[in-house]
Amino acid sequence: MRLPLFSFLFFGSSVASSQVPLKLGPSSISGSGFEIYQSNESPLYSIRIIQQNSTLCDTTVDQYTGWLDVGNKHLFFWYFAAENAASVATASQLALWLTGGPGASSMLALFQELGPCLINDYGNGTVHNPYGWNKDTALLFVDQPAGVGFSYVDEGEPLPGDSFTAAADMYIFLQMFIHQVFPEHKNGPLVLTGESYGGHYLPALGAEIIGQNTLHPKRPQVPLKSIAIGNGFVSSLDTVYGYYETLCTTQPGVNEPVFNETRCDILATNMPRCMSVIDACYSNPDPAICAASWQVCWDGVVGWYDGESYKGGRNRFDITAPCDDEIFCYANTPLIQDYLNLNSSFATLRVPSAVTEYKVMSYPIADSFRLTNDHGISTMPEVQYILANQVDVLIYQGNLDLACNTAGAKRWTASMSWKGQAPFTSQELKPWKSVVSGKERVVGKFKEVNIKMVEGNEKTTRFALVTVDGSGHMVPQDQPEVALDMLNRWMLPRAAEVEAIPLRAESPNALNNGSWTYNMPLNIPAERHSFSIGYNPFQLSGMTDIFVISSSETSSVPPSPTPTPINAVYTITTPRQVETIYPIVPASLSSVFYGSLPQAAPTATSKPIINTAFATGIFAQALQCPDAIAPSQTTIIASGFPTISFVDCNTTLAVTASATDGGGVCHKSGYTTFSRYIEMISILTTPFNNYRDCLTRVYCTETSYCSPTMVGLLLDNEPGFKNIKVRKLHPTFGAEVQDVDFSSPLTDKVFNEILSAITKYGVLVFRDTGLNDERHVEFARRFGELDDVTPYNVVGRKNRLKYDELFDVSNVELDGTLVDPDGSRAQAGKGNGLFHTDSSFNPRRGEYSLLLAHELPPPGTGGNTAFADTRTAFNDLEGAIKADLLKNDYIADHSLYHSRKLAAPEFFAHINPLDYPMGRHRLVQLHEPSGRMNLYIASHAHHIEDIDLAESKALLSRLYEHAKQPKYVFEVEWLNVGDLIVWDNTCTMHRAVGGSFEGKYRRDVRRATVHDNSTLAWGLNEHTDTRQGLP
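Letter by letter, the sequence shown follows residues -18 to -1, 1 to 1013 of mature numbering (1 follows the signal peptide of the UniProt record, and there is no 0).
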């Protein structure tokens, strides 16, 4: 049986702190036995719950089952109190477990791994689990999303299809469950933990909780403390990459590699291509593209093991064990399904008639998730967001697992960009010990960092990676003692064990008569105003408050001959503990408070730079810009109560709201970095209910994979250019760069920003540079190794220019006269009028070209240069074509003689391009600098290898015509001698535009070409200095 790649990945879960069990009152539904709780937030939400005895699960603690009803979706849960619930230290802890898949039931974890009871060997009852995870924490299992296990959707309703939809339902569940059903848990802490596809579920849920807590500070908060992901499917790219180390080395803890040398060589050979196509899926998360990508990886890497994973074959979840079951390889899994399908089980649980059969795995849910390509995106951005919001994250790994292997986890945790990346990657994994069968021994390795994520806030955020020896995919099943010890250390660390595995908790601030006191030093610039502070209990997030400066509390500072700053310390007393305090300046005071001097706002130790003013009664993000921002960039301009606006650190994002009677229209325009992508946001008009909704709503126009809960108030800013100015020339690519002084060598800061700009825009235009040939060559060398004309001069042509690094692409002869329009040079030059990429016909292709104007024809006579955006052209291809291109990995052969013959067929009639060497390059490639996929097409492309010539011609023509549509093209008009155009040949095409100047006026432009230095530079060619034909 061949299993589809990542059709299911098994368990995902979440842990939260335990609480004292709720003592339920009498049923409100006659004969049903259920207690009903109606949501305080919406009439569409309710929870029905019933207390269970030990009939189905052999445990002495209180246990409850029921369903959350969210409109047409119904989520089943099973709750267990903590065995040590009387302990003051652990009374409020709650652990939420969500099994992954997608489509697997959480009852698997309950009865097979970490519940207080486990299925017995006969499948007709349960036995007590001495290592159940509810020792010191209450434990809550939920079948989710709706459609999994005992959860269901109403007849005719669609199934959920992505992790973020599932997370939205789970947030509603947690909010109600904690605050209305079991209020003992409302102060938390809540810890989320799980396995496998939990690497998607848990980051999405954690981000949802943070986002909702932030968006709705007056609503009951979900007290998220940390997240623990076991053998998590976070990054498919890194998981697949880990197949080689897991199968071809002894790193997992095996005596010999699983695969022999032949198979390992196959994996090593195919891995680069697999990584490239998964990158394509990440960059273009179109389901068709990703499906093709997974097929490439299945055929080349994954299928060599997983294709043999079935009952009696290999085990994906433990490379040292056989596979005993068709679905999950574990013999006790079908016993759980049979046990829960007993009539007595249905009757005890009060299963509604809408559920006719319990299944451990819901393939309709797996198919629904596959259709949306949920597995094709990495959830690393969600993990970054969670850490940025000071929520701890633990990654734990059973070393014998292949499906979600340790090698992949080590790779993605090291590559994730966040404040703690450098400290984390600089550490080596160290041994940790645990007591197993009464003896202490080394059980794995770990590393951990504790990072202050917010300036001025002493709270540290933990990020840890822990490995467990002798365990496969399910650590709580394979190493139950170790797993429970690890959980306890994570949630309740003991100082004596810090050396073994330093998972620490912060000490709470001292409590003083039910209130907390904070001293806030504020440095007020000279010639400004002093003010008092008043506490406002308007809550921004679970541990964040704001305070407001009111107009009655300001006083003027008289001008003096020598103004001096005023330093003041204000004491704020709050009725609850907070970790971040935001000073707020009402709009009516902004001009008074800030004055007209270009100085930054006052600073506070909790937030060193306060960059945002606020309209009274309205809050937005308190921006944390890297540098001081002038008041004109941060002051809210308010004209009456209904209108507010603010600008971010780089003044590229503007948000305005206007309304009457509490409703209206929300407008947003500019560039912003969302949690996942940098997107261009066009002006949008969307109804909103209040001003806060307007400021916190997320718009995603370029992709459907932006997480609507991640951003909220926390919109990142697009990386700006501090040393150059950039003006866009086209909606998708091309820009004019200003404020660059070429009269002296550019500083590294300026040049690095130019490199960033060329990566983003593909084409850069610099006006009136004043460059001569010498400085042109010097500037070009900053980009890399230069090509030169010497190898091209094979027919005796001499270079008119002093420097061989400059290609003469003018219409000027050696003697200064115009090129003969009927001569060979003019005929060959006609090929430049076709869209092409420089040097694709050579073994080593060109990357950057730098074209400088020395003499131009009169304005209006033509001679422009046109460019085509081949990255966006690929992105816009129909899904079926994309899938075909990625799956077949076509190789195109490029010939200079082919393009010349296309442009001047009569003159080159005697030429057969097949008689000459060609440059072999992949038709679809990853543009490495930007991480986007590119259609490497050009008029030089003669044919596609290994397919019929007519079919090849038709496909190349279709792609070429597609890429040069007007919507992907813009022209640069040459305005001045000294104008310079720099472009990236690996993500654009270009052509010379004709005009009436031809045969009449000189057009002297000179090009420097930079050899490509990427991994794709040589294509599939031999590494040789041979060049083909004339430039």
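For each residue, glycine too, the CB sits at the ideal point set by N, CA and C.
Please read all numbers here as calculations on a predicted model, not as lab measurements.
Linking His712 to Ile736 through their CA atoms gives a straight-line distance of about 18 Å. Within the same chain, and ignoring the five residues on either side of Asn705 in sequence, the residues whose Cβ sits closer than 7 Å to its Cβ are Lys731, Val732 and Glu735. When secondary structure is reduced to three states using DSSP, Ser133 falls in the coil class, being assigned neither helix nor strand. In the three-state reduction of the DSSP assignment, Asp797 falls in the coil class. Note on the stretch 903 to 928: there is no whole alpha helix (DSSP H) run with a minimum of 4 residues. Per the C-alpha coordinates, the member of Tyr153, Val333 and Val43 positioned closest to Ala120 is Val43. Shortest Cα-Cα distance from Pro363 to any of Val216, Leu466 and Ser344 involves Val216. Per the coordinates, the alpha-carbon of Gly170 lies some 27 Å from the alpha-carbon of Gln461.
Listed in chain order, the non-local C-beta contacts of Leu317 below 6 Å within the same chain comprise Ile101 and Gly105, local neighbours out to five positions each way being set aside. Residue nearest to Asp966 within the set Ser738, Cys39, Ser36 and Asp875 is Ser738 (criterion: CA-CA distance).
Taking 8 Å as the cut-off, the beta carbon of Thr819 is found closer than this to the beta carbon of Ala920. Around the Cβ of Ile929, a 10 Å sphere holds fewer than 16 other Cβ atoms; the residue is exposed.
Between Leu187 and Ala149, the CB-CB gap stays under 8 Å. The beta-carbon separation of Phe817 and Arg973, rounded to 5 Å, stays under the 8 Å limit for a contact. DSSP places Gly285 in the uninterrupted alpha helix (DSSP H) bounded by Gly285 to Asp288.
Counting along the chain, Val448 sits inside the beta strand (DSSP E) bounded by residues Thr442 to Val450. In this structure Asn22 is not in contact with Gln203, their Cβ atoms being roughly 13 Å apart against a cut-off of 8 Å. Taking the C-beta atoms as reference points, Gln459 is found nearer than 8 Å to Glu95.
In this structure, Asp875 sits near His924, with a CB-CB distance shorter than 8 Å. In terms of Cβ geometry, Leu184 and Leu172 do not form a close pair [threshold 8 Å]. Under the Cβ criterion (8 Å, minimum of three pairs), the stretch 317 to 328 does not count as touching the stretch 394 to 403. Contact between the stretch 211 to 226 and the stretch 369 to 382 is established, with three or more Cβ pairs separated by less than 8 Å. Cα atoms of Pro84 and Val337: separation of roughly 19 Å, rounded to the nearest angstrom. Taking C-beta atoms as the reference points, Cys279 and Cys256 count as a pair closer than 8 Å.
The continuous beta strand (DSSP E) containing Thr47 extends over residues Gln45 to Val52. With a contact defined as Cβ atoms closer than 8 Å, Asp994 and Thr968 qualify at about 6 Å. In the DSSP assignment, Tyr27 is bridged to Val52. Rounded to the nearest whole angstrom, the CA to CA distance from Asn781 to Thr228 is 57 Å. DSSP lists Tyr830 as the bridge partner or partners of Asp966. Cβ neighbours of Gly844 within its own chain (closer than 7 Å, five residues either side excluded): Val975, Gly976, Gly977, Ser978 and Phe979.
The stretch 787 to 801 and the stretch 903 to 913 do not touch, with fewer than three beta-carbon pairs separated by less than 8 Å. In the three-state scheme derived from DSSP, where H, G and I count as helix and E and B as strand, His836 is classed as strand.
Beyond the five residues adjoining it in sequence on each side, Val109 comes within less than 7 Å, by CB distance, of Asp40, Cys99, Leu100 and Asn102 in the same chain, given in chain order.
Residue state for Ala63 is assigned as coil, using DSSP reduced to three classes. In the three-state scheme derived from DSSP, where H, G and I count as helix and E and B as strand, Ile740 is classed as helix. Taking all protein chains shown into account, Glu837 has fewer than 16 neighbouring C-beta atoms within 10 Å of its C-beta and is therefore exposed.
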